[in-house]
Amino acid sequence: MEVPCVRVSLEEGEQTRRELADADLIDDEYELTVEDGRLYVPVTDPGAVPDALEVVSMTVPERETQTTPADVLGFDPSYERLGKAVLLDEDDDERAREIADAVLESDLPVDTVLNKQSKVKGETRIRDWDLLAGADTEVVHREYGCEFTLDLAAVYFSPRLATERHRVAEQVSEGDQAFDMFAGVGPFVIPFAKRGAECVGVDVNADAIEYLRENASRNGVEERVTAICADVREVAAEYEGWADRLVMNLPHSADEFLETAITLAGDDCVLHYYDIQHEDDPFGPGERAIRAAAESEYEVSVETRHTVRSYAPHELNVCLDVRLER
1 MEVPCVRVSL EEGEQTRREL ADADLIDDEY ELTVEDGRLY VPVTDPGAVP DALEVVSMTV
61 PERETQTTPA DVLGFDPSYE RLGKAVLLDE DDDERAREIA DAVLESDLPV DTVLNKQSKV
121 KGETRIRDWD LLAGADTEVV HREYGCEFTL DLAAVYFSPR LATERHRVAE QVSEGDQAFD
181 MFAGVGPFVI PFAKRGAECV GVDVNADAIE YLRENASRNG VEERVTAICA DVREVAAEYE
241 GWADRLVMNL PHSADEFLET AITLAGDDCV LHYYDIQHED DPFGPGERAI RAAAESEYEV
301 SVETRHTVRS YAPHELNVCL DVRLER
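Residues 1 to 326, numbered by UniProt numbering, are exactly what the sequence shown covers, in order.
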């Protein structure tokens with residue numbers, strides 16, 4: 001059957017395959033195919049493929065059948081993949097154990113299985129996990145050419161936001177001064193720095209900041225990354241007027257930090273403001289809050305109103321890309 005494929009020359013094939021694998025975009029259900037001197041790499045999400053790569057529709061053979069958890073169980077379980085870990089969200093402990101055993105029996109390249117035991121909680125937004133298989137809750141995750149190590153029991157991280165992070169990172173240019181106000185282990189900071197930006201990442205979670213420093217080193221960008229463990233409101237004065245790009249990925253309460261964002265913003269600054277609102281008016285509350293905080297000092301223009309994902313029934317996780325010009 002026809003599936004979306006990235007088409008590249010054979011000379012560029014291996015490098016492109018690695019890039020797509022790092023971004024977790026290769027569709028493992030189909031074979032990589034060579035035809036007319038070019039390589040066709042099946043992809044799961046053509047919209048997430050970098051603009052520089054060509055995506056075409058191509059008939060490629062299916063891979064030889066591998067044993068999946070569904071094959072073992074007789075039903076298709078719901079789970080997320082993060083590096084070599086599988087993440088479950090099962091209320092029934094017995095069902096969770098049954099799925100974990102099936103995952104290990106399958107051909108998935110997995111050595112850790114975790115089941116969520118709580119919702120995200122507290123200032124650091126971490127959750128409790130039940131370790132069903134594996135040595136611990138630390139994982140290594142690859143995303144669009146970047147590599148992140150993190151402990152799921154100690155830090156907040158969502159693999160579902162990979163495409164969104166890539167969307168923002170593609171706007172970054174060499175020499176940008178980028179400030180992530182709630183940086184976590186660096187999923188925005190690291191790709192920004194790899195594109196040549198000078199970056200500051202702040203987080204109240206000391207474990208997250210340690211991982212941010214480790215990830216900066218792991219990705220070879222430690223000279224362009226400053227990691228600070230603090231409430232961003234406590235350090236904003238040190239970076240007053242410094243940022244020409246700000247990330248505010250703290251849905252539900254980012255509006256409480258807009259005064260701080262205005263302190264950090266330079267004369268011409270792009271603000272990436274994340275919010276969760278009702279579907280009837282997902283962008284209005286955030287835009288009104290930003291204008292109320294900034295319009296006394298800045299001309300405010302909304303460059304992008306972007307829906308990231310559905311968050312809950314009738315609620316959307318959205319991003320406003322807003323330019324502030326003094």
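Think of the CB as a built atom: it goes at the ideal place given N, C-alpha and C, for glycine as much as any other residue. Keep in mind it's a predicted model, so treat the numbers as computed, not measured.
Environment of residue i [buried if 16+ CB atoms lie within 10 Å]
i, result
"E164", "buried"
"F148", "buried"
"S278", "First, the amino acid is wrong: residue 278 is His here, not Ser. Flag for H278 reads exposed."
"G201", "buried"
"E123", "exposed"
"R125", "buried"
"M248", "buried"
"E90", "buried"
"M1", "exposed"
"F157", "buried"
"E19", "buried"
"D92", "exposed"
Own chain, CB closer than 6 Å to residue i, minus 5 neighbours either side, in chain order
i, result
"D22", "R142 and G145"
"T304", "D321"
"V172", "F192, R195 and A197"
"G13", "L39"
"H166", "Y144"
"P77", "P69 and I99"
"A153", "W129 and T137"
"E222", "A216"
"D255", "A289"
Other residues of its chain near residue i: CB distance less than 7 Å, five sequence neighbours each side excluded
i, result
"N219", "C146, E147, I190 and K194"
"V155", "I126, G184, V185, N205, D207, A208 and Y211"
"Q66", "D107"
"P159", "E80, L82 and H141"
"T59", "M1 and E2"
"H252", "I276"
"E214", "T149"
"A293", "L258, E259 and I262"
Contact under 8 Å by Cβ, residue i with residue j
i, j, result
"L114", "A85", "yes"
"V318", "D280", "no"
"R326", "D244", "no"
"V6", "R38", "no"
"A102", "V72", "yes"
"L132", "A183", "no"
"V308", "L161", "yes"
"I228", "L258", "no"
"V225", "C199", "yes"
"L246", "A230", "no"
"T16", "L53", "yes"
Assumed close pair residue i, residue j - CB separation to whole angstroms, cut-off 8 Å
i, j, result
"residue 328", "D176", "There is simply no residue 328 to check, as the chain begins at 1 and stops at 326 in what is shown."
"P42", "D27", "4 Å"
"E323", "S296", "Correcting the residue type first, residue 323 is Arg in the shown sequence and not Glu. Rounded, the Cβ-Cβ distance is 16 Å, inconsistent with contact."
"Q29", "E62", "Reading the sequence as shown, one finds Glu at residue 29 and not Gln. Right, their Cβ atoms sit about 6 Å apart."
"V120", "H272", "Not confirmed; about 21 Å, so no contact."
"P282", "L316", "4 Å"
"L150", "K116", "Wrong, their Cβ atoms sit about 16 Å apart, outside the cutoff."
Neighbourhood of residue i by C-beta distance below 8 Å, restricted to the same chain and skipping five residues each side
i, result
"E240", "T263 and L264"
"residue 342", "There is simply no residue 342 to check, as the chain begins at 1 and stops at 326 in what is shown."
"T68", "S106, D107 and L108"
"S57", "E2, V3, P4 and C5"
Reduced DSSP category for residue i - H, G, I as helix; E, B as strand; rest coil
i, result
"T33", "strand"
"N205", "coil"
"Y239", "helix"
"Q15", "helix"
"T163", "helix"
"A289", "helix"
"Y156", "coil"
"T260", "helix"
"A183", "coil"
"A254", "helix"
"K119", "coil"
"A52", "coil"
"L104", "helix"
"F148", "strand"
"P42", "strand"
Check: residue i C-beta below 7 Å from any heavy atom of the ligand GDP
i, result
"D51", "Inclusion of the ligand GDP in the displayed structure is not the case, the ligand content being empty and no account of it being possible."
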